[in-house]
Amino acid sequence: MDIALLSLSSCLGCQMAFLSLEEYLYELIGENRVVYAPFLMDKKELDHADLALVEGTVRNTEHFLRAREIRERADRVVALGTCACFGGVQGLADLYPEPRLLRSRFGDTAFEGGPQGVRRLLPLDSFIRVDAYLPGCPPVPALIEKFLRAAVSGDRLSREGATVCAECAVTSPPLPQPGPRRLTEGSGEPGKCLLDSGFFCLGPLTRDGCGALCPSGMGVPCRGCRGPSGRVLERAGADVEAETVRRLARATGKKEEEIRAGVPDPVHTYYLFCLAEPLLRKRRSGGTSPYLHRLGE
(Lines of atoms letter the chains of each structure in order from A; the text may use other names.)
(Lines give C-alpha, C1' and ligand atoms only; values in the text may rest on other atoms or scores of the structure.)
Protein backbone atom coordinates (compact mmCIF):
# COMPACT_ATOMS: atom_id res chain seq x y z
CA MET A 243 0.00 0.00 0.00
CA ASP A 244 1.22 3.49 -0.87
CA ILE A 245 0.73 5.95 2.01
CA ALA A 246 0.89 9.75 1.88
CA LEU A 247 1.00 12.27 4.72
CA LEU A 248 0.02 15.88 4.20
CA SER A 249 0.09 18.75 6.66
CA LEU A 250 -2.07 21.84 6.17
CA SER A 251 -2.27 24.52 8.88
CA SER A 252 -1.05 22.55 11.87
CA CYS A 253 1.57 22.11 14.57
CA LEU A 254 2.80 18.78 13.11
CA GLY A 255 1.88 17.08 16.38
CA CYS A 256 -0.25 14.45 14.65
CA GLN A 257 2.54 13.52 12.27
CA MET A 258 4.94 13.33 15.21
CA ALA A 259 2.46 10.89 16.77
CA PHE A 260 2.72 8.88 13.54
CA LEU A 261 6.49 8.73 14.00
CA SER A 262 5.94 7.54 17.59
CA LEU A 263 4.56 4.21 16.41
CA GLU A 264 7.98 2.71 17.27
CA GLU A 265 8.13 -0.99 16.36
CA TYR A 266 4.99 -0.88 14.25
CA LEU A 267 6.43 1.95 12.16
CA TYR A 268 9.24 -0.35 11.03
CA GLU A 269 6.70 -3.06 10.26
CA LEU A 270 4.52 -0.60 8.37
CA ILE A 271 7.24 0.82 6.12
CA GLY A 272 8.74 -2.64 5.64
CA GLU A 273 5.56 -3.93 4.02
CA ASN A 274 4.24 -0.67 2.53
CA ARG A 275 5.60 2.55 1.05
CA VAL A 276 5.40 6.09 2.32
CA VAL A 277 5.33 7.83 -1.06
CA TYR A 278 4.69 11.40 0.03
CA ALA A 279 5.54 13.11 3.31
CA PRO A 280 7.09 16.59 2.98
CA PHE A 281 8.28 16.57 6.59
CA LEU A 282 10.22 13.34 5.93
CA MET A 283 11.36 13.52 2.31
CA ASP A 284 12.20 16.03 -0.39
CA LYS A 285 9.40 15.31 -2.84
CA LYS A 286 7.33 18.10 -4.34
CA GLU A 287 4.41 16.28 -5.93
CA LEU A 288 2.19 13.34 -5.08
CA ASP A 289 1.52 11.01 -8.00
CA HIS A 290 -0.85 8.55 -6.34
CA ALA A 291 -1.56 7.09 -2.91
CA ASP A 292 -3.82 4.33 -1.71
CA LEU A 293 -4.21 6.04 1.67
CA ALA A 294 -3.64 9.70 2.52
CA LEU A 295 -3.47 11.01 6.09
CA VAL A 296 -4.23 14.74 6.16
CA GLU A 297 -3.41 16.78 9.25
CA GLY A 298 -4.50 20.34 10.03
CA THR A 299 -7.05 22.80 8.70
CA VAL A 300 -7.65 24.86 5.59
CA ARG A 301 -6.66 28.42 6.50
CA ASN A 302 -5.94 29.86 3.06
CA THR A 303 -6.26 29.19 -0.66
CA GLU A 304 -2.95 27.33 -0.80
CA HIS A 305 -4.18 24.83 1.80
CA PHE A 306 -7.41 24.36 -0.15
CA LEU A 307 -5.58 23.61 -3.40
CA ARG A 308 -3.27 21.14 -1.65
CA ALA A 309 -6.21 19.37 -0.02
CA ARG A 310 -8.11 19.15 -3.31
CA GLU A 311 -5.04 17.81 -5.08
CA ILE A 312 -4.52 15.01 -2.59
CA ARG A 313 -8.23 14.14 -2.78
CA GLU A 314 -7.90 13.72 -6.53
CA ARG A 315 -4.78 11.57 -6.25
CA ALA A 316 -5.61 9.38 -3.24
CA ASP A 317 -8.04 6.49 -3.12
CA ARG A 318 -8.89 7.09 0.54
CA VAL A 319 -8.44 10.26 2.57
CA VAL A 320 -8.25 10.22 6.37
CA ALA A 321 -8.68 13.32 8.53
CA LEU A 322 -5.80 12.91 11.00
CA GLY A 323 -6.19 14.72 14.30
CA THR A 324 -8.86 16.91 15.84
CA CYS A 325 -7.95 19.97 13.75
CA ALA A 326 -8.72 18.09 10.52
CA CYS A 327 -11.78 16.38 12.01
CA PHE A 328 -13.44 19.24 13.92
CA GLY A 329 -11.30 22.36 13.50
CA GLY A 330 -9.48 21.87 16.80
CA VAL A 331 -8.02 24.74 18.79
CA GLN A 332 -7.61 26.69 15.55
CA GLY A 333 -11.37 27.21 15.54
CA LEU A 334 -10.90 29.75 18.32
CA ALA A 335 -9.45 32.10 15.70
CA ASP A 336 -12.97 32.72 14.40
CA LEU A 337 -13.69 34.69 17.55
CA TYR A 338 -11.53 37.49 16.13
CA PRO A 339 -11.38 39.37 12.80
CA GLU A 340 -8.82 37.88 10.41
CA PRO A 341 -6.87 41.16 9.91
CA ARG A 342 -6.40 41.45 13.65
CA LEU A 343 -5.05 37.90 13.88
CA LEU A 344 -2.62 38.39 11.01
CA ARG A 345 -1.31 41.70 12.26
CA SER A 346 -0.79 40.35 15.78
CA ARG A 347 1.43 37.59 14.41
CA PHE A 348 3.02 38.91 11.22
CA GLY A 349 2.52 42.68 11.28
CA ASP A 350 1.78 44.41 7.99
CA THR A 351 3.89 41.91 6.01
CA ALA A 352 1.04 39.38 6.22
CA PHE A 353 -0.81 41.28 3.48
CA GLU A 354 2.06 41.49 1.00
CA GLY A 355 1.67 38.80 -1.65
CA GLY A 356 0.56 35.96 0.63
CA PRO A 357 -2.26 33.50 -0.13
CA GLN A 358 -5.79 34.66 0.52
CA GLY A 359 -7.23 33.48 3.84
CA VAL A 360 -10.57 31.74 4.23
CA ARG A 361 -13.39 33.71 5.85
CA ARG A 362 -14.18 31.03 8.41
CA LEU A 363 -12.30 28.01 9.71
CA LEU A 364 -14.06 24.72 9.02
CA PRO A 365 -13.12 21.01 9.29
CA LEU A 366 -11.49 19.27 6.35
CA ASP A 367 -14.71 17.58 5.19
CA SER A 368 -16.21 21.01 4.51
CA PHE A 369 -13.77 21.31 1.58
CA ILE A 370 -13.16 17.76 0.32
CA ARG A 371 -14.69 14.33 0.77
CA VAL A 372 -13.22 12.47 3.75
CA ASP A 373 -13.42 8.68 4.02
CA ALA A 374 -12.45 8.22 7.67
CA TYR A 375 -11.68 10.23 10.79
CA LEU A 376 -8.93 9.75 13.36
CA PRO A 377 -9.30 12.55 15.94
CA GLY A 378 -7.09 13.37 18.89
CA CYS A 379 -4.76 16.20 19.85
CA PRO A 380 -2.75 14.32 18.88
CA PRO A 381 -4.20 10.81 18.35
CA VAL A 382 -2.53 8.35 20.69
CA PRO A 383 -0.07 6.08 18.83
CA ALA A 384 -1.97 2.93 19.86
CA LEU A 385 -5.07 4.24 18.12
CA ILE A 386 -3.11 5.19 15.00
CA GLU A 387 -1.63 1.69 14.90
CA LYS A 388 -5.05 0.07 15.27
CA PHE A 389 -6.41 2.26 12.51
CA LEU A 390 -3.52 1.60 10.11
CA ARG A 391 -3.58 -2.15 10.69
CA ALA A 392 -7.22 -2.18 9.65
CA ALA A 393 -6.54 0.03 6.63
CA VAL A 394 -3.55 -1.98 5.41
CA SER A 395 -5.32 -5.33 5.79
CA GLY A 396 -8.38 -4.07 3.96
CA ASP A 397 -10.67 -4.36 6.97
CA ARG A 398 -13.53 -1.94 7.46
CA LEU A 399 -12.27 1.17 9.21
CA SER A 400 -13.97 1.14 12.61
CA ARG A 401 -15.84 4.10 14.01
CA GLU A 402 -15.80 4.65 17.74
CA GLY A 403 -19.30 5.14 19.10
CA ALA A 404 -18.87 5.54 22.84
CA THR A 405 -17.44 8.31 25.03
CA VAL A 406 -14.39 8.79 27.23
CA CYS A 407 -16.50 7.86 30.25
CA ALA A 408 -16.95 4.35 28.83
CA GLU A 409 -13.17 3.88 29.14
CA CYS A 410 -12.75 5.59 32.51
CA ALA A 411 -12.19 3.23 35.46
CA VAL A 412 -13.69 5.39 38.22
CA THR A 413 -16.79 5.38 40.41
CA SER A 414 -19.10 8.19 41.53
CA PRO A 415 -18.51 9.82 44.95
CA PRO A 416 -21.34 10.61 47.39
CA LEU A 417 -23.36 13.63 46.30
CA PRO A 418 -23.47 16.59 46.60
CA GLN A 419 -19.87 17.67 46.11
CA PRO A 420 -18.25 21.14 46.34
CA GLY A 421 -17.99 22.99 43.08
CA PRO A 422 -18.02 23.64 40.29
CA ARG A 423 -14.23 23.49 40.34
CA ARG A 424 -11.39 23.86 37.91
CA LEU A 425 -8.24 21.76 38.12
CA THR A 426 -6.42 24.60 39.89
CA GLU A 427 -9.08 24.67 42.62
CA GLY A 428 -8.29 21.39 44.29
CA SER A 429 -7.94 17.74 43.35
CA GLY A 430 -10.43 14.94 43.08
CA GLU A 431 -10.44 11.83 45.20
CA PRO A 432 -8.44 9.04 43.51
CA GLY A 433 -10.67 6.57 41.71
CA LYS A 434 -13.70 8.88 41.82
CA CYS A 435 -15.48 10.51 38.88
CA LEU A 436 -14.15 14.04 38.39
CA LEU A 437 -17.39 15.36 36.93
CA ASP A 438 -19.44 14.02 39.83
CA SER A 439 -16.76 15.51 42.10
CA GLY A 440 -17.65 18.96 40.78
CA PHE A 441 -14.90 19.43 38.17
CA PHE A 442 -15.43 20.62 34.61
CA CYS A 443 -14.85 17.28 32.88
CA LEU A 444 -16.10 16.72 29.31
CA GLY A 445 -15.72 12.94 29.37
CA PRO A 446 -19.45 12.19 28.85
CA LEU A 447 -19.50 14.28 25.66
CA THR A 448 -16.12 13.40 24.13
CA ARG A 449 -15.59 10.46 21.78
CA ASP A 450 -13.67 7.48 23.05
CA GLY A 451 -10.44 5.94 21.79
CA CYS A 452 -7.89 7.58 24.08
CA GLY A 453 -8.32 5.10 26.93
CA ALA A 454 -9.45 7.92 29.24
CA LEU A 455 -5.79 8.77 29.74
CA CYS A 456 -6.41 12.13 31.43
CA PRO A 457 -9.24 11.45 33.92
CA SER A 458 -8.51 7.81 34.69
CA GLY A 459 -4.74 7.69 34.25
CA MET A 460 -3.68 11.09 35.58
CA GLY A 461 -6.65 12.44 37.51
CA VAL A 462 -7.00 15.39 35.12
CA PRO A 463 -10.45 16.43 33.82
CA CYS A 464 -11.13 15.71 30.15
CA ARG A 465 -10.89 18.86 27.99
CA GLY A 466 -12.48 17.24 24.95
CA CYS A 467 -9.42 16.88 22.72
CA ARG A 468 -10.92 13.90 20.87
CA GLY A 469 -13.83 16.05 19.71
CA PRO A 470 -17.56 15.70 20.38
CA SER A 471 -19.05 12.22 20.53
CA GLY A 472 -21.40 10.91 17.88
CA ARG A 473 -24.30 11.45 20.26
CA VAL A 474 -23.50 15.15 20.56
CA LEU A 475 -23.17 15.55 16.79
CA GLU A 476 -26.17 13.48 15.77
CA ARG A 477 -28.78 14.29 18.42
CA ALA A 478 -30.77 17.43 17.68
CA GLY A 479 -30.41 19.98 20.44
CA ALA A 480 -27.43 18.30 22.12
CA ASP A 481 -24.97 20.90 23.38
CA VAL A 482 -21.66 20.54 25.21
CA GLU A 483 -22.25 23.43 27.58
CA ALA A 484 -25.86 22.56 28.44
CA GLU A 485 -25.05 18.90 29.11
CA THR A 486 -22.03 19.71 31.30
CA VAL A 487 -23.88 22.34 33.32
CA ARG A 488 -26.75 19.91 33.89
CA ARG A 489 -24.40 17.24 35.25
CA LEU A 490 -22.54 19.72 37.45
CA ALA A 491 -25.82 21.01 38.88
CA ARG A 492 -26.74 17.48 39.88
CA ALA A 493 -23.30 16.82 41.36
CA THR A 494 -23.06 20.03 43.39
CA GLY A 495 -26.70 20.69 44.24
CA LYS A 496 -26.51 24.17 42.72
CA LYS A 497 -28.79 25.76 40.15
CA GLU A 498 -27.75 25.67 36.50
CA GLU A 499 -27.91 29.47 36.25
CA GLU A 500 -25.45 29.75 39.14
CA ILE A 501 -22.99 27.40 37.46
CA ARG A 502 -23.20 29.23 34.12
CA ALA A 503 -22.59 32.57 35.82
CA GLY A 504 -19.48 31.22 37.55
CA VAL A 505 -17.63 30.32 34.33
CA PRO A 506 -15.43 33.27 33.27
CA ASP A 507 -14.44 31.77 29.91
CA PRO A 508 -17.15 29.43 28.55
CA VAL A 509 -15.65 29.14 25.06
CA HIS A 510 -12.34 27.70 26.28
CA THR A 511 -14.11 25.63 28.93
CA TYR A 512 -16.62 23.87 26.68
CA TYR A 513 -15.55 24.36 23.05
CA LEU A 514 -11.75 24.45 23.10
CA PHE A 515 -11.46 21.76 20.41
CA CYS A 516 -14.79 21.91 18.56
CA LEU A 517 -15.80 25.55 18.09
CA ALA A 518 -15.42 25.20 14.30
CA GLU A 519 -17.71 22.16 14.03
CA PRO A 520 -20.58 23.21 11.67
CA LEU A 521 -23.20 20.97 13.29
CA LEU A 522 -22.74 22.78 16.60
CA ARG A 523 -22.78 26.20 14.97
CA LYS A 524 -25.98 25.67 13.01
CA ARG A 525 -28.16 24.70 15.94
CA ARG A 526 -30.57 27.42 16.99
CA SER A 527 -32.52 25.56 19.66
CA GLY A 528 -32.02 23.23 22.59
CA GLY A 529 -29.92 25.67 24.61
CA THR A 530 -27.06 26.06 22.15
CA SER A 531 -24.79 28.83 23.38
CA PRO A 532 -25.15 32.40 22.05
CA TYR A 533 -21.51 32.68 20.96
CA LEU A 534 -22.04 29.70 18.64
CA HIS A 535 -25.11 31.44 17.22
CA ARG A 536 -23.03 34.51 16.51
CA LEU A 537 -20.38 32.51 14.68
CA GLY A 538 -22.99 30.66 12.63
CA GLU A 539 -24.45 33.85 11.12
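Take the numbering used here: the last position of the sequence shown gets the number 539, and nothing is skipped along the way. Ideal Cβ placement from N, Cα and C applies to all residues, glycine included.
Residue 328 versus 340, 468 and 447, residue with shortest Cα-Cα distance: 468
For the alpha helix (DSSP H) containing residue 319, name the first residue and the last one. First-last for residue 319: 316-322, but that is the beta strand (DSSP E), not the alpha helix (DSSP H).
Rounded to a whole number of angstroms, what is the C-alpha to C-alpha distance between residue 299 and residue 416? Straight-line Cα distance between these residues: approximately 43 Å.
DSSP has residue 359 in a bridge; who is on the other side? Residue 359 has 302 as its beta-bridge partners, per DSSP.
Would you identify the three-state DSSP class for residue 506, choosing helix, strand or coil? The three-state reading of DSSP puts residue 506 in coil, since its state is none of H, G, I, E or B.
Out of curiosity, what's the CA-to-CA distance linking residue 358 and residue 296? Taking the straight line from one Cα to the other gives about 21 Å.
Excluding five sequence neighbours on each side, which residues of the same chain lie with their C-beta closer than 8 Å to the C-beta of residue 429? 461
Our contact map puts residue 202 next to residue 433 with C-beta atoms below 8 Å; I'd like the distance itself, whole angstroms only. Nothing in the structure corresponds to residue 202, since the chain is present only between 243 and 539.
Evaluate residue 451 with the Cβ neighbour count: other Cβ atoms within 10 Å of its Cβ, from every protein chain shown; 16 or more gives buried, anything less gives exposed. buried
Since residue 509 contacts residue 337 with CB under 8 Å, what's their CB separation in whole angstroms? 7 Å
With respect to the alpha helix (DSSP H) encompassing residue 439, which residues constitute its N-terminal and C-terminal limits? Residue 439 -> no alpha helix (DSSP H), and no H or E assigned at all.
At the level of alpha carbons, what is the spacing between residue 528 and residue 484? Any reading at residue 528 must be qualified, since the residue scores a pLDDT of 42, below 50, and its modelled position is unreliable; the value itself is stated next. Answer to the nearest angstrom: the Cα atoms are 9 Å apart.
So which of 278, 266, 322 and 344 has the shortest CA-CA distance to residue 374? 322
Do you know how far the Cα of residue 286 is from the Cα of residue 463? 42 Å
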